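Chemist:
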Amino acid sequence: MKFNPETSKLDFIKHRKKFFAFSGAFLLTGIILLFTIGLNLGIDFESGTTVDVLADEEITAAEIDQQFAEIGYEPDDIMLAGENNEIGRASFIGGLDQEESLEIQSHFEDIYGSTPNVSTITPIVGEELAQNAVISVLIATVGIIIYVTFRFEFLYGVAAIVALFHDALFILTVFAVTQMEVNIPFIAAVLTIVGYSINDTIVTFDRIRENMRLEKVVNTFEDISRVVNKSLVQTLARSINTVLTVVFAAGALLLLGGEGLRVFSFALVVGLVAGTYSSLFIAAQLWAVLKSKQIARRLRREELKAKEEAEPENA
Amino acid sequence: MAKKRKGVRKSLIAVFFAIVIAIGVMITVTAEEQVDDISLGLDLQGGFEVLYEVQPLDEEEDREIDRELLTDTVSALNARIDVLGVSEPSINIEGEDRIRVQLAGVDDQEQARELLSTQARLEFRDVNDELMMDGSDLVEGGARQNFHGETNEPIVSVTVDDATLFEDITREISSRPPEERQLVIWLDYEEGDSFEEEAMKEDSKIVSAPRVDEVIPSRDVMISGNFTVESASDLAGILNAGALPVELEELSLNSVGAQLGERSMELAVNAGIVGIALIFAYMLFYYRFMGAVAVVTLSAYIYMVLVIFNWLNAVLTLPGIAALILGVGMAVDANIITFERIKDELRSGRSVMSAFKAGSRRSLSTILDANITTILAAAVLFYFGTSAVQGFAVMLIVSILTSFLTAVFGARLLLGLWVNSRALNKKPRLFGVKESDISEI
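These protein sequences, in sequence, are chains A and B. Position 299 (the first sequence) corresponds to 298 in numbering that gives the first Met the number 0; numbering is contiguous. Position 111 (the second sequence) corresponds to 110 in numbering that gives the first Met the number 0; numbering is contiguous.
Here it is as structure tokens:
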């Protein structure tokens, strides 16, 4: 991969409206879905108990159901997992009390020789965690804007935060569409992406800032787009290589990491792709639009001022 | 460029290999020890985690749950866990009225959970549930596991504080009509419980209900129940550890069987190895010589993160492993930013030496800004998150700081040795830059 900024015909700015429209439509769908069917909330956010049974060999849902029936329980849902379907996950809505879960644990330990995992949760815990996460992100957002305003300028901060929310919402949308079950590690994944997104955006902004300093006159939208485009092409190899290496790691977790990490690593992979997409096609373009408006306003003000200064002499 | 041909400074290359070999030896010799030292979270080694809501006891309903009461409860729980013999328990106060208990590597989870949440209020009542004597009348720390003199059954013996109290009680009960001559020994009696009903239950709060037909002029009370030696000594331990000053209600429970935990651990570690191997291969393929430097610094990075993690006494959980692997990605990013800069400078026609200097300098501020913003996010996560999210945040912060050390300074040092040795002069191909891409000045 080599991207020579002088000869490259890649134009990231020209099609910005299409990118904005695509992201806007996608995220709007997401918001509508979130408010209508919502996310498929896992046991972490509903009141209930899950029991994970590990057997030595392949098992069927009917088999597990029968085992539960033997000790007088009726799971609301049974799912199979593991490479050879050797894990059975039974869910009980409403939850089991301590005695009941202990009874189940000892029953399955006798049969399969391995103690099942039991998690019981009241929805308060998951909800509070999600709430905490949202509050944390909002606070982090303020911190990031302050830092970026200090090190760069305010408009970079605004564009970076838009990209950040874009990425977080992107993951939520994918999960709303696929109706994959959302658990507590999912929140950790969204938070990671928030960190990654900001990191990725800042690297491209850093190059834009550097190139802006090299320019003598930047007045029109065309000037700005030229600088932004050049910067994006210059950092393209880095953007692609970085996302590739991180996707190698997250992808390995997704494919080989087992059940416990599946939702987490899937959210990570989706978020990494979204984060790179937004850094390349949304954040810098948005900054260019905002910046050109700011410059246009400044020029108009200067023009007016010049006129006012000129008028008294005429009068 | 000066026409004078300078020779290759072999000593610098020797230093490079000395450093690489030293790192390699250190890792191979101590890595196993470091890995063994890591304390694994309960999701990786089995165990359980319970989140309790603390409520005032029935008889003092109006009592407010304050910090002091919570701290007392935590020490009472700690004393109990000592009885269980669990090493490294984690008990944390969360929010206003919650306590999270994490016990990793417990063999008998059922028993442990029961022992934790029992209030250990030992009470002696008559058949009409009238209180005769309770824990406050017993010698503190005087409970012992013992054997019954005749039947040899395991029993728990306690000692009454007041020499005549027990004598008085037995005198009173033995003077009652025969069907009422029973002393009922309760554990965690609650208002509304009655002997009649409870005695029918299979899993009852009544430890035992011995007949008292004569006066017992002794301070030692023997409690026999359906004890095994172990359960009797546990009960004695719990009684000595003291009653809980509050009632604990399980809000959530997360229990992981040891085999499932081991399995997740194995899968996550294997996935990590595959992911890291792919990253190494890609870096070598794409950045050639610089990629080899990256592989060395990344290996050092992974090792250092584990060492620092041990220093901090942090507990490695599943999200922690994920953060570690993600951290590798972040460290690689720092390398990539630097290497791309160096390549840019090479393409613009600079010499290897000056491209290396300019590239390293210019990439530093980029990496700095990007990493500080990420640390900012991770710090907020740590401050507001709960256990699992916090573990993740700690790992992320440690990773970023370490990657700064290895990927920025480590890589610069190692690459600098080669560049300054002049062995790489006029060999842009080793950096993945073709001669045809270099613009003429």
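We treat Cβ as the ideally placed atom computed from N, Cα and C, and that holds for glycine. Here the structure is a predicted model, which means the values were calculated and not measured.
1) Could you check whether L315 (chain B) and I90 (chain B) sit closer than 7 angstroms to each other, using their CB atoms as the reference points?
2) Give the straight-line distance between the Cα atoms of R180 (chain B) and N225 (chain B), rounded to the nearest whole angstrom.
3) In three-state terms, what does DSSP make of M78 (chain A)?
4) Let's test the definition: count the other Cβ atoms within 10 Å of the Cβ of H165 (chain A) and tell me whether it reaches 16, buried, or not, exposed.
5) How many angstroms separate the CA atom of A314 (chain A) from the CA atom of E308 (chain A)?
6) Can you give me the Cβ contacts of R15 (chain A) inside the same chain, cut-off strictly under 6 angstroms, excluding the 5 residues immediately before and after it?
7) Step through the CB atoms of chain A and report whether any lies within less than 7 angstroms of the CB of N309 (chain B).
8) Can you grab the Cα-Cα spacing for the pair L50 (chain B) / A89 (chain A), in whole Å?
9) With a threshold of 7 angstroms between beta-carbons, can F391 (chain B) be considered close to chain A, or not?
10) On the DSSP bridge assignment, give the partners of F165 (chain B) in chain order.
11) Please tell me whether T200 (chain A) and A159 (chain A) are closer than 7 angstroms, where the distance is taken between their beta carbons.
12) Can you give me the C-alpha to C-alpha distance between L182 (chain B) and V126 (chain B), rounded to a whole angstrom?
13) Secondary structure at P318 (chain B), three-state DSSP: helix, strand or coil?
14) Check for me: the alpha helix (DSSP H) holding V242 (chain A) runs from which residue to which?
15) With distances taken Cα to Cα, identify the nearest neighbour of V269 (chain A) among A:L101, A:N84, A:T234, A:S196.
16) Excluding five sequence neighbours on each side, which residues of the same chain lie with their C-beta closer than 7 angstroms to the C-beta of S359 (chain B)?
17) Which first and last residues belong to the beta strand (DSSP E) in which L252 (chain B) is found?
18) Can you list the beta strand (DSSP E) stretches of 3 or more residues lying completely in the stretch 191–225 of chain B, in chain order?
19) Using the Cα positions of A188 (chain A) and R346 (chain B), report the straight-line distance between them to the nearest angstrom.
20) Is there a Cβ from chain B that is less than 7 angstroms from the Cβ of A167 (chain A)?
21) Against chain B, does P115 (chain A) count as a neighbour if the rule is that its beta carbon must be under 7 angstroms from one of theirs?
22) Which bits of chain B does N198 (chain A) rub up against, with CB to CB less than 8 angstroms?
23) Please list the partners that Q315 (chain A) has in chain B, where partner means a Cβ-to-Cβ separation under 9 angstroms.
24) So is G40 (chain B) buried or exposed if we call it buried at 16+ other beta carbons inside 10 Å?
25) List the residues of chain B that D319 (chain A) touches, going by C-beta distances under 8 angstroms, in chain order.
26) Which two residues bound the contiguous beta strand (DSSP E) that contains M132 (chain B)?
27) At least one CB of chain B closer than 7 angstroms to the CB of G274 (chain A): is that the case?
28) If I follow the unbroken beta strand (DSSP E) through A103 (chain B), where does it start and stop?
29) List, in order along the chain, the chain A residues whose C-beta lies closer than 8 angstroms to that of P318 (chain B)?
30) Sort B:G409, B:R428, B:I374, B:E152 by Cα distance to V193 (chain A) and report the nearest one.
31) Checking contacts by CB at 7 angstroms: is S230 (chain A) closer than that to chain B?
32) DSSP beta-bridge partners for W310 (chain B)?
33) Is it true that the CB of F381 (chain B) sits closer than 7 angstroms to the CB of A392 (chain B)?
34) Any beta-carbon of chain A closer than 7 angstroms to the one on S237 (chain B)?
35) Measuring straight from C-alpha to C-alpha, what distance separates M289 (chain B) and K290 (chain A)?
36) Which residue comes first and which comes last in the alpha helix (DSSP H) that contains V272 (chain A)?
Modeler: Inspection of the coordinates gives the following:
1) Counted from its first residue, the second sequence places residue 90 (chain B) at position 91. Counted from its first residue, the second sequence places residue 315 (chain B) at position 316. No, they are not a contact pair.
2) The residue you call residue 180 (chain B) lines up with position 181 of the second sequence. The residue you call residue 225 (chain B) lines up with position 226 of the second sequence. Taking the straight line joining both Cα atoms gives about 21 angstroms.
3) The sequence position of residue 78 (chain A) within the first sequence is 79, counting from 1. Strand.
4) To locate residue 165 (chain A), count along the first sequence from 1; it is residue 166. Buried: at least 16 other Cβ atoms inside 10 Å.
5) Walking along the first sequence from the start, residue 314 (chain A) turns up at place 315. Walking along the first sequence from the start, residue 308 (chain A) turns up at place 309. Any answer about A314 (chain A) is weak, because its pLDDT of 48 lies below 50 and its placement is not dependable; what the coordinates show is given next. Whole-angstrom Cα-Cα distance: 11 angstroms.
6) Within the first sequence, numbered from 1, the residue matching residue 15 (chain A) stands at position 16. Contacts found: Q284.
7) Reading the second sequence from its first residue, position 310 is the one you call residue 309 (chain B). Chain A contact via Cβ: absent.
8) Counted from its first residue, the second sequence places residue 50 (chain B) at position 51. Counted from its first residue, the first sequence places residue 89 (chain A) at position 90. Each residue's Cα considered, the two are about 22 angstroms apart.
9) Walking along the second sequence from the start, residue 391 (chain B) turns up at place 392. Yes, F391 (chain B) counts as interfacial toward chain A.
10) The residue you call residue 165 (chain B) lines up with position 166 of the second sequence. According to DSSP, which records beta bridges pairwise, F165 (chain B) is partnered with nothing at all.
11) In the first sequence, residue 200 (chain A) corresponds to position 201, counting from 1. In the first sequence, residue 159 (chain A) corresponds to position 160, counting from 1. Their beta carbons are under 7 angstroms apart, which means T200 (chain A) touches A159 (chain A) by this criterion.
12) By 1-based counting over the second sequence, the position of residue 182 (chain B) is 183. By 1-based counting over the second sequence, the position of residue 126 (chain B) is 127. L182 (chain B) and V126 (chain B): Cα-Cα distance of roughly 7 angstroms.
13) As a first step, residue 318 (chain B) is located in the second sequence; it is residue number 319 there, counting from the start. Helix, per DSSP.
14) Sequence index remark: in the first sequence, residue 242 (chain A) carries index 243 (1-based). Looking at the DSSP string, the run of the alpha helix (DSSP H) that includes V242 (chain A) is 220–255.
15) As a first step, residue 269 (chain A) is located in the first sequence; it is residue number 270 there, counting from the start. When only C-alpha atoms are compared, the closest one is A:S196.
16) Walking along the second sequence from the start, residue 359 (chain B) turns up at place 360. Correct list, in chain order: T337, R411.
17) On the second sequence, residue 252 (chain B) is found 253 positions in, with the first residue counted as 1. First-last of the beta strand (DSSP E) with L252 (chain B): 246–255.
18) 205–207, 219–223
19) Locating residue 188 (chain A) in the first sequence gives position 189, where the first residue counts as 1. Locating residue 346 (chain B) in the second sequence gives position 347, where the first residue counts as 1. Approximately 38 angstroms, taken between the alpha carbons.
20) Numbered from its first residue, the first sequence carries residue 167 (chain A) at position 168. With 7 angstroms as the cut-off, A167 (chain A) does not count as an interface residue toward chain B.
21) In the first sequence, counting from the first residue as 1, residue 115 (chain A) sits at position 116. Yes, contact with chain B.
22) Start at 1 with the first residue of the first sequence, and residue 198 (chain A) comes out as number 199. Here the neighbours are M329, D332, A369, N370, T372, T373.
23) Residue 315 (chain A) cannot be examined here, being either before or after the span of chain A that is shown, 0 to 314.
24) Position 41 of the second sequence, counting from 1, holds the residue named residue 40 (chain B). Classification of G40 (chain B): buried, given that the 10 Å Cβ count is 16 or more.
25) Only positions 0 to 314 of chain A appear in this structure, which leaves residue 319 (chain A) out of reach.
26) Within the second sequence, the letter at position 133 stands for residue 132 (chain B). Note, M132 (chain B): beta strand (DSSP E), 130–133.
27) Numbered from its first residue, the first sequence carries residue 274 (chain A) at position 275. Not one chain B Cβ lies under 7 angstroms of G274 (chain A).
28) The residue you call residue 103 (chain B) lines up with position 104 of the second sequence. Taken as a continuous stretch (DSSP letters only), the beta strand (DSSP E) holding A103 (chain B) covers 97–103.
29) Taking the first residue of the second sequence as 1, we reach residue 318 (chain B) at position 319. Those within 8 angstroms of P318 (chain B) in chain A are P184, A187, F263.
30) Position 194 of the first sequence, counting from 1, holds the residue named residue 193 (chain A). Selected option, being the one with the closest Cα: B:I374.
31) As a working mapping, residue 230 (chain A) is identified with position 231 in the first sequence. No, S230 (chain A) does not count as interfacial toward chain B.
32) Walking along the second sequence from the start, residue 310 (chain B) turns up at place 311. In DSSP, W310 (chain B) forms no bridge with anything.
33) Translated into positions along the second sequence, residue 392 (chain B) becomes position 393. Translated into positions along the second sequence, residue 381 (chain B) becomes position 382. Against a cut-off of 7 angstroms, the Cβ pair of F381 (chain B) and A392 (chain B) comes out as a contact.
34) Mapped onto the second sequence, residue 237 (chain B) falls at position 238. A quick correction: the sequence has Ile, not Ser, at residue 237 (chain B). For I237 (chain B), the answer is no, since every Cβ of chain A falls outside 7 angstroms of its Cβ.
35) Here the question's residue 289 (chain B) lines up with position 290 in the second sequence. Here the question's residue 290 (chain A) lines up with position 291 in the first sequence. Those two C-alpha atoms are separated by around 37 angstroms.
36) Your numbering for residue 272 (chain A) matches position 273 in the first sequence. That run of the alpha helix (DSSP H) goes 258–277.
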